[in-house]
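In the working numbering, the protein residues as written are 891 to 1109. In what follows, a structure is listed as structure tokens, so that the remarks can point back to it.
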Ligand code: 5RP
């Protein structure tokens, strides 16, 4: 992981932010660069944070925060893996539940990352699943039924007071189906597969930023 690449990916992405926008602020070390840089630009924006940590960072950067509205113009967030189709795995930082809601509400969601996150196909990073503590044993068993090697994240509580189960699935698994299957488990509150949410990615590798845009199917 390269801190300078994270920073330049963030700097490139914030160029898309315009005055008047409601901006979704992601979580993690790469998103932190975007939050700080956005604060320095002093644009007339309002923001929604995807975690308590990002909320504190936004406050420190002087970015006005608002309650979560139904629609967000642009969200900028990190990822743990992203592939050429812009399918991503998120949640190493444990914020993927709020990140997913914010992404779903966003007209445009941009992932920022250094080159270490770019993969040919997602599936090596564990898929985190946020779980109601009451249901950990049940949800773990259901995830194992779906093919996961499960590990309850140690000494970790999400901003919502829940637990996280990190799941390693076989590389060949159908992620779209998996996403639906995890979502259908009672007690599983959210997961880190972002298969359709990402509109674009700015990925920096050794000082060079590449922008990838989601292809829109044309008829
Ligand atoms: C947090 C996330 C992060 O965006 C992801 O883990 C990337 O973090 P970093 O930029 O620190 O590598 O999904 O839930």
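All residues carry an ideal CB built from backbone N, CA and C; glycine is no exception.
{"Item": "Residue from 1085, 944, 1056 with nearest C-alpha to residue 1040", "Value": "1056"}
{"Item": "For residue 914, the three-state DSSP class (helix, strand or coil)", "Value": "strand"}
{"Item": "Residue 1027 to residue 1076 span [Cα, whole Å]", "Value": "12 Å"}
{"Item": "Limits of the unbroken alpha helix (DSSP H) element including residue 920", "Value": "919 to 931"}
{"Item": "For residue 1088 and residue 1104, believed in contact at Cβ under 8 Å, the rounded distance", "Value": "7 Å"}
{"Item": "Limits of the unbroken beta strand (DSSP E) element including residue 1103", "Value": "1098 to 1103"}
{"Item": "Beta-carbon proximity list for residue 1058, same chain, < 7 Å, skipping 5 on both sides", "Value": "1016, 1038, 1039"}
{"Item": "Residues that residue 1009 bridges to, as DSSP identifies them", "Value": "None; residue 1009 has no bridge partner."}
{"Item": "Three or more C-beta pairs below 8 Å linking the region 1004 to 1012 and the region 941 to 956", "Value": "no"}
{"Item": "Distance cut-off 7 Å: residue 984 Cβ against heavy atoms of ligand 1", "Value": "yes"}
{"Item": "Touching by the beta-carbon criterion (3+ pairs, under 8 Å), the region 920 to 929 and the region 900 to 907", "Value": "yes"}
{"Item": "Chain-order list of residues whose beta-carbon lies under 6 Å from that of residue 969 (same chain, five-residue window excluded)", "Value": "978, 980, 1001, 1003, 1007"}
{"Item": "Terminal residues of the beta strand (DSSP E) in which residue 999 lies", "Value": "996 to 1004"}
{"Item": "Same chain, Cβ closer than 8 Å to residue 930, neighbours up to 5 away in sequence not counted", "Value": "951"}
{"Item": "Spatial distance of residue 927 from residue 1035 (CA atoms)", "Value": "44 Å"}
{"Item": "Host beta strand (DSSP E) of residue 1017 (start-end)", "Value": "1017 to 1021"}
{"Item": "Where residue 875 sits in the DSSP three-state scheme", "Value": "Shown here, the chain extends from 891 to 1109; a query on residue 875 therefore has no answer."}
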